[in-house]
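In what follows, a single structure is set out as structure tokens and then discussed.
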Amino acid sequence: MDLPRRVNTDPRRALPSIHRLTEALLERNSEIPRWAASEAAQRVVTEARRVLDASAGGEEARQNDPGGNQIWLDQALRLAQQIARPRPQTVINATGVVLHTNLGRAPMAPGAAEAAARAADSYTDLELDVEDGRRGDRLAGAAERLRLLTGAEAAYVCNNNAAALVLALNTLAEGREVVVSRGELVEIGGSFRVPEIMERAGVQLVEVGSTNRTHLRDYADAIGPQTAMLLKIHRSNFEIRGFVKEVGLAELVGLGATHGVHVVEDLGSGTLVDLGRHGFPAEAFVPSRLAEGPDLVCFSGDKLLGGPQAGIVVGRAAPIAAMRKNPLARALRLDKMSLAALDWTLTAYLDGRAEQQVPVLKQVLLPPELHEARTRAFAKQLLEAAQPLGPTVEFEVVRDRVPVGGGSLPGFELESWGLAIRGPGGADALASRLRGSLPPILARVRDGMLLIDLRAVDESQTPSLLKSLAAALH
Ligand SMILES: *Cc1c(COP(=O)(O)O)cnc(C)c1O
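Be aware that the sequence shown starts at 44, since it is given in our numbering, and climbs by one per residue.
This is the structure in structure tokens:
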């Protein structure tokens, strides 16, 4: 590497030029694309100049920089690799949390992903009726499947559930009042706050009840000539326990009918198989929510349903027809790849294949004894792969409990199994080494141990997980 040696007393003169650093990077690793090398060199040199300028005479920088040019090169190399890496990249989810928001929620079934890929790289009849050659309805297929699955009069899909809620509010209640219980004014993930969404949708929020208790008469008292809707919002990511009262959907429907106002439920995470049959809370089963009689129920495509990101609305024909005519619908519409993946997923439900083929359902319904057996077999393989084990390494198969995640079934936890590992340097250091693996591995830290839960790890990823874990234990 022919970078200039440091000779001058001004440490800035010892910095390589951006051009030289770029060339040095490409020489060191020919797989780095030039654009990434040049961006990394630019950032490293600029940052180094800033640090030197800030520390009088560069004394501090010199002390932190015993290796001189080699340090710039190593830094820039790591940065260039980071910049060049595809995003989002595949990771291994060893947290046991099936719907992990930071990890992209539901992984789709291979069949759904293939359907999306086919829609992506070919022409499709997206908006064509092939029978008569005229313009067709892009949502016709999905809407029909949803009607068949839920018994709804009509269905609609858009970009995500937040969009579905905005569209429903704006269509049915613009410039008018929407009544919501104070116990349901939730924030779901950093940027989705119900009061703010309502404001942007052009409706006026009327809060009723208190955080822990809302009665039917609170809703009734709030209804006036300006009221357009009673909105029920699933609390999703938290639970209220103790001295609690909330009004059920059926009661709201009765009240709405008396006063001629819409009743809408934002269910968040909806399922199309009755998880109640498997010992889960039955609250998320869309057909039973609809049976209570609301005008609309909306939910996400990529939570418990296990499909692509989408906002799904099912319910009465008239409000759904009005939503489709709203000009905002165009701005919130679903793209063709997601539509194809959703179609595949809904068809799997209709065929009765969903529990075998939709990853989210398979993971959530995984029998604990199978999970335990897989975890024990994995622990054995790891024990062999990681030999010789250092004196600080220990591991043990333990019982675990994990939430489903993604704002589904709050307060409910799955019985799970994990591999608890004590590694060199402590659990946090081990977790950080695992995040640096390729592909990165995400695990939890519990009681000072690293906890690997295989529930959400696809079989195809097990060898890679094993290899990276064995490496990280040394
Ligand atoms: C998750 C959630 C949303 C947002 O859904 P997206 O599909 O992420 O837009 C809205 N409401 C509730 C109750 C939720 O749980």
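Idealized CB from N, CA, C, for every residue including glycine.
Alpha-carbon spacing of residue i relative to residue j, whole angstroms
i: leucine 274; j: alanine 159; result: 34 Å
i: alanine 420; j: valine 251; result: 54 Å
i: serine 279; j: alanine 429; result: 41 Å
i: alanine 463; j: valine 447; result: 20 Å
i: arginine 92; j: threonine 435; result: 42 Å
i: arginine 86; j: alanine 416; result: 49 Å
i: aspartate 386; j: glutamine 118; result: 46 Å
i: glutamate 70; j: arginine 161; result: 39 Å
i: isoleucine 61; j: arginine 77; result: 12 Å
i: arginine 256; j: alanine 97; result: 56 Å
i: glycine 468; j: leucine 210; result: 51 Å
i: alanine 486; j: arginine 332; result: 35 Å
i: histidine 305; j: alanine 155; result: 35 Å
i: alanine 265; j: valine 222; result: 7 Å
i: glutamate 439; j: glutamate 456; result: 21 Å
i: arginine 373; j: glutamate 412; result: 48 Å
i: alanine 104; j: arginine 63; result: Because alanine 104 carries a pLDDT of 48, less than 50, the predicted location of this residue cannot be relied on, and no value is offered for it.
i: asparagine 204; j: alanine 472; result: 37 Å
i: glycine 176; j: glutamine 352; result: 30 Å
i: valine 403; j: proline 129; result: 25 Å
i: leucine 348; j: proline 268; result: 38 Å
Residue i and residue j closer than 9 Å at C-beta
i: valine 307; j: proline 337; result: yes
i: histidine 302; j: threonine 270; result: yes
i: alanine 83; j: leucine 122; result: yes
i: alanine 152; j: valine 316; result: no
i: glycine 461; j: isoleucine 495; result: yes
i: leucine 116; j: leucine 68; result: yes
i: valine 237; j: tyrosine 262; result: no
i: alanine 367; j: asparagine 202; result: A small correction: the amino acid at residue 367 is arginine; alanine does not occupy that position in the sequence shown. Cβ distance not < 9 Å, so arginine 367 and asparagine 202 don't count as in contact.
i: glutamate 335; j: valine 296; result: yes
i: leucine 382; j: leucine 169; result: yes
i: leucine 228; j: leucine 215; result: no
Delimiting residues of the alpha helix (DSSP H) encompassing residue i
i: alanine 205; result: 204-216
i: aspartate 117; result: 112-127
i: lysine 423; result: 411-428
i: glycine 184; result: 183-193
i: glutamine 406; result: 402-407
i: tyrosine 199; result: Here tyrosine 199 belongs to no alpha helix (DSSP H); instead the beta strand (DSSP E) covers 197-201.
i: proline 153; result: 153-164
i: aspartate 471; result: 470-478
i: isoleucine 363; result: 360-368
Contacting residues, own chain, Cβ-Cβ under 6 Å from residue i (five flanking each side not counted)
i: glycine 245; result: Asn213 and Glu217
i: proline 482; result: Thr133, Val134 and Ile135
i: arginine 190; result: Ala198
i: lysine 346; result: Leu142, Ser312, Gly449 and Ser451
i: glycine 184; result: Asp386
Selected residue, minimal CA-CA separation from residue i, among the options
i: serine 507; options: Gln424, Ala327 and Leu69; result: Gln424
i: arginine 409; options: Ala119, Gly454, Ala79 and Leu318; result: It should be pointed out that residue 409 corresponds to leucine in this sequence rather than to arginine. When only C-alpha atoms are compared, the closest one is Leu318.
i: glycine 491; options: Val500, Ala470, Ser165 and Leu477; result: Ala470
i: glycine 449; options: Glu230, Gly466, Phe286 and Gly358; result: Glu230
i: glycine 285; options: Leu295, Gly267, Thr254 and Ala300; result: Thr254
i: alanine 361; options: Val88, Ala195 and Pro268; result: Ala195
i: alanine 499; options: Glu74, Leu142 and Ala364; result: Leu142
i: histidine 258; options: Ala300, Ile266, Lys288 and Ala514; result: Lys288
i: arginine 442; options: Ser73, Pro453, Thr418 and Leu452; result: Thr418
i: glutamate 437; options: Ala422, Arg444 and Val445; result: Ala422
i: glutamate 74; options: Leu120, Arg489 and Ala391; result: Leu120
i: glutamate 398; options: Thr314, Asn369 and Ile363; result: Thr314
i: glycine 344; options: Asp180, Leu389 and Ala300; result: Leu389
8 Å CB neighbourhood of residue i in its chain, flanking five on each side removed
i: leucine 432; result: Leu426 and Leu516
i: leucine 208; result: Ile240, Ala244, Asp309, Cys341 and Gly354
i: tyrosine 166; result: none
i: serine 81; result: Ile61 and Thr65
i: proline 324; result: Leu318, Leu452 and Phe455
i: arginine 444; result: Glu456, Leu457, Glu458 and Ser459
Span of the beta strand (DSSP E) around residue i
i: aspartate 96; result: Per DSSP, aspartate 96 belongs to no beta strand (DSSP E); it is in the alpha helix (DSSP H), 77-97.
i: valine 485; result: The amino acid occupying residue 485 in the given sequence is leucine; valine does not appear at that position. From DSSP, the beta strand (DSSP E) with leucine 485 extends over 484-489.
i: valine 287; result: It is not in any beta strand (DSSP E) - valine 287 carries neither H nor E in the DSSP assignment.
i: histidine 305; result: 305-311
i: isoleucine 464; result: 456-465
i: glutamate 227; result: Run containing glutamate 227: none; DSSP gives neither H nor E here.
i: lysine 275; result: 270-276
i: glycine 297; result: Element bounds for glycine 297: not the beta strand (DSSP E) but the alpha helix (DSSP H), 292-302.
i: arginine 243; result: From DSSP, arginine 243 is part of no beta strand (DSSP E) but of the alpha helix (DSSP H) over 237-243.
i: aspartate 394; result: It is not in any beta strand (DSSP E) - aspartate 394 instead sits in the alpha helix (DSSP H) that spans 379-394.
Cβ-based neighbour list, residue i, same chain, cut-off 7 Å, excluding 5 preceding and 5 following
i: serine 511; result: Leu477, Ser480 and Ile484
i: leucine 182; result: Tyr199 and Val200
i: isoleucine 126; result: Ala79, Glu82 and Ala83
i: glycine 147; result: Pro131
Cβ-heavy atom distance, residue i to ligand 3, below 8 Å
i: valine 229; result: Questions concerning ligand 3 fall outside what the structure shown contains, since the ligands it does hold are ligand 1.
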